Structure formats: structure tokens, C-alpha cells
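Chemist: Just passing along the structure, written as C-alpha cells.
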Amino acid sequence: MGRHGSSMPAAGSTVVGDLHIVALAGGVGGAKLVQGLAHLLPPAQLRIIVNTGDDFEHLGLSISPDVDTVMYTLAGLANPETGWGIADETFHCLETLTRLGGPAWFRLGDRDLAIHLLRTEKLRAGIRLTEVTHQLATALGVHHALLPMTDDPFRTMVVTPGGELSFQEYFVHQKCRPIVQGFRWEHSDNAGPTPEVLAALDWADAVVVCPSNPYVSVDPILALHGVRDAVRAKPVVAVSPIIGGAAVKGPAAKMLQELEGGASALAVAAHYGNLLSAFVLDSVDASLAPAVRDLGVEVLVAQTLMPGLEERVALARVVLTLAASVVDGTARFTACARRRD
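230 is the number of the first residue of the sequence shown in this note's numbering; add one for each residue after it.
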């Protein structure tokens, strides 16, 4: 069991009673909020759908960066300085690879390699990514359902003035330097969400969109056939990944600037549009609340920066309380409509 494994008692879960929550997550920001949610909700009340648009093959290994970031965070193993990778990692294999002239731009740690080796072996044996993820997460002491968005290759391609780049080529190898003009998803005709993802969305009382990059962590999930409609059918609470015009981590602000002409929490809310029932802004951006409300979205202002576990749990409590309020309001509206009928 990790230092902050998700099997810890769900203190404070009474704040939402028996509410069923599905979280859409990817990246470090998503993993942080998921950790907070997992401390407040038992496994029976929380399922986590994770972006796999970042997945790729490197040195013959199947790498699932977002799945691993969420998994390591829930297991209490994540590197606290980077938010990704494993704490106290060593890189002897990478050092030797560099000496031999191999591609060392994607930093694979020695312990991290064990996950990729085992995942690759199991996938080649015909086991679905969903089942492989369940086996790995359970072995690390994670008991909340961690659901890859699809078992099929569904790769995010970044459109730039110099041509299309795979996401990891853009993000890691080229360090987000190229200007982003748009995105495309590369997949087969039969690629789609897993049965577990569709079942989770049907089961959910509300959907929480974590403070992940809207373009490359959340949009790939929503791009899967049927998922956007299934999410839209539920009350949806999103947390802004932008604070004071900047992203805490990653290229979200740069992408918003290049694609929308400005980076703000308001731009994120507008990007999600009619999916949203409620939106959580950081207190730094409180002045944007009226403009977000003008989009027809309920707004709550809170502290959204999550440097440690205490802040992650506190924000999760805010999000769950808001979700419960929205669900209750939706139920009352539906009941009134039925009485009028």
C-alpha cells in the first residue's frame, strides 16, 4: 500500500450521501483532484475515466502516461516534485541508453519501467487495457475503479504550422514549442469507449471534470462515440485548470492563447459550453464569475490550487458539495416537471 493509497477510510463521505460520481481525468491536475475525491468517497461511489489519447509506444513498450499518473497518485507513489513518475526514482537504464546513443528524450525511470514491461506483455497476450490497468492498480493498492477511456488506440495528434505531431512528440520531445492550430484523433473505425466507461456514465449521478487540460486530457474522452451525449445527460461540475490566466502545469494556457486568443478560466468554461451545470473558479478569478454565469452555468469560487493532500481533499469536498446541490436541483426540477405533466 502506498503512503496515501485510495483504500484509506472515506472520511467525510457523508457530505454527499450515496451519490455516485464519475470523474474525467488526465494529467497532474486531474490526478490531484481524483486523489481528493478518493479520500472522500469509497470505491462503491467513485469511478475514474482516464484519458488515453497520450498513449504511445516507445522502445517497444506500451506507455499510458495519464493512466500511470493517476494510478501512481492514488497509490501514494507519485513524485511530489513533478506530479508524474514515481518518487525517489532512479534512472540507471536511461543513463545507459543515453550512453549507447538510444532515444532518451522520454524519461523512463527504473521502477516505472516495470509497469510498462508488464503492461506490454499483457497487452500482447490479448488482455484488454482496462483489465491490465485493473490488475496493475490493484497490485499497487488502488481500489477505486480506474477506467481507461478506450481499449483501442485513439491517439491525439497536434496540428502545427509544420505539420501534425503526435502528442508526446509535441509535449515532451519538442517541449510544447510549436504553435498549436488544432487537434485530430487518429483511430480505427471501430475504436470506441469501453463497456465499463459507458456503464459508469449510465451509473453516475453526476460527472466531475477535473482541472485537466481541456484539449488534450478531456476532449479525447468526449470525442469517443457516444460519450459526449452520455456526459451531457448528467449534471456536470468542472474545475478550472487555469488560475489567474496561467496553468499550474502543462501547456493548457499556451493552447488557449493560441486557439482562443486568450487564456482564462472563462475561456475554459466557454470551451465546455453546454456540457456544464456548474463551474469552480479559483478565488484569484472571482471577477470572472458573472461572465461564467452569463453562459448559463452555476459558479462557485474556491481555493483550487492543490499543492498537498489537505488542499486536494478540501477542493474535492467543495466539488462534491456542489455536485450534490446540482443533482438535488435537477431532481427537484424533474419532479416539478412531472407534476406539471
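Glycine residues also receive a C-beta, built at the ideal position from the N, C-alpha and C atoms.
Nothing here was measured: the structure is a model prediction, and the numbers come from that model.
1) Using three-state DSSP, classify residue 334 as helix, strand or coil.
2) Express the C-alpha separation of residue 525 and residue 448 in angstroms, rounding to a whole number.
3) Quick one, which of 258, 501, 499, 473 has its alpha-carbon nearest residue 512's?
4) Measuring alpha carbon to alpha carbon, tell me which residue in 345, 274, 469, 518 is nearest residue 286.
5) So within the stretch 273–326, which uninterrupted beta strand (DSSP E) runs reach at least 3 residues, ignoring any that extend past its ends?
6) Give the straight-line distance between the Cα atoms of residue 278 and residue 553, rounded to the nearest whole angstrom.
7) Do residue 461 and residue 504 come within 8 Å of each other at the CB atom, strictly closer than that value?
8) Comparing C-alpha positions only, which one of 288, 251, 258 sits nearest to residue 272?
9) Would you call the stretch 482–490 and the stretch 428–436 touching, i.e. three or more CB-CB distances under 8 Å?
10) Check residue 381 in the structure and name its three-state DSSP category.
11) Short of 8 Å in beta carbon distance, which residues of its chain neighbour residue 453, apart from the five on each side in sequence? Order them along the chain.
12) List the whole-angstrom C-beta distance separating residue 509 from residue 466, where the pair is believed to meet the contact cut-off of C-beta under 8 Å.
13) Mind listing, in chain order, the continuous beta strand (DSSP E) runs of no fewer than 3 residues lying wholly within the stretch 410–469?
14) Is it buried or exposed for residue 256, if we count other Cβ within 10 angstroms and need 16 for buried?
15) Please classify residue 367 as buried or exposed, where buried requires at least 16 other C-beta atoms within 10 Å of its C-beta.
16) Kindly indicate which three-state DSSP category residue 344 falls into: helix, strand or coil?
17) Can you grab the Cα-Cα spacing for the pair residue 338 / residue 359, in whole Å?
18) Going straight from the alpha carbon of residue 394 to that of residue 539, what length do you get?
19) Pick out whichever of 555, 531, 351 has its Cα sitting closest to the Cα of residue 544.
20) Can residue 388 and residue 413 be called in contact, C-beta distance under 8 Å?
21) DSSP three-state label for residue 254, please.
22) Would a C-beta distance cut-off of 8 Å place residue 533 and residue 464 closer than the cut-off?
23) How would you call residue 434, buried or exposed, if buried means at least 16 neighbouring beta carbons within 10 angstroms?
24) Span of the beta strand (DSSP E) holding residue 393?
25) Looking at residue 304: is its Cβ nearer than 8 Å to the Cβ of residue 316?
26) Please classify residue 516: is it buried, with 16 or more other beta-carbons within 10 angstroms of its beta-carbon, or exposed?
27) Could you give the C-beta distance for residue 333 and residue 342, rounded to a whole number, given that I count them as a contact under 8 Å?
28) Using 8 Å as the threshold, is the C-beta distance between residue 615 and residue 281 below it?
29) What does DSSP give as the partner residue(s) for residue 527 in the beta ladder?
30) How many Å lie between residue 410 and residue 492 at the Cα?
31) Straight-line CA distance for residue 400 to residue 311?
32) By the three-class DSSP mapping on this structure, what secondary structure does residue 484 have?
33) Taking buried to mean at least 16 other C-beta atoms within 10 Å of its own C-beta, is residue 321 buried or exposed?
34) Tell me where the alpha helix (DSSP H) around residue 366 begins and ends.
Modeler: Reading it off the structure:
1) coil
2) 21 Å
3) Closest option to residue 512, Cα to Cα, is 473.
4) 345
5) Listed in chain order, they are 275–279, 285–287, 290–292.
6) Residue 278 and residue 553 have their C-alpha atoms spaced approximately 20 Å apart.
7) It is a contact, given that the beta carbons lie within the stated cut-off.
8) Of the candidates 288, 251, 258, the residue whose Cα lies closest to the Cα of residue 272 is 251.
9) no
10) coil
11) 378, 379, 383, 420, 421, 422, 426
12) 7 Å
13) 411–416, 435–438, 465–468
14) buried
15) exposed
16) helix
17) 23 Å
18) 38 Å
19) Ranking 555, 531, 351 by Cα distance to residue 544 puts 531 first.
20) yes
21) strand
22) No, the pair does not count as a contact, with Cβ atoms beyond the cut-off.
23) buried
24) 392–395
25) no
26) exposed
27) 13 Å between Cβ atoms; not a contact.
28) What is shown of the chain runs 230 to 570, which leaves residue 615 out entirely.
29) 507
30) 15 Å
31) 15 Å
32) Reduced to three states, the DSSP call for residue 484 is helix.
33) exposed
34) 358–368
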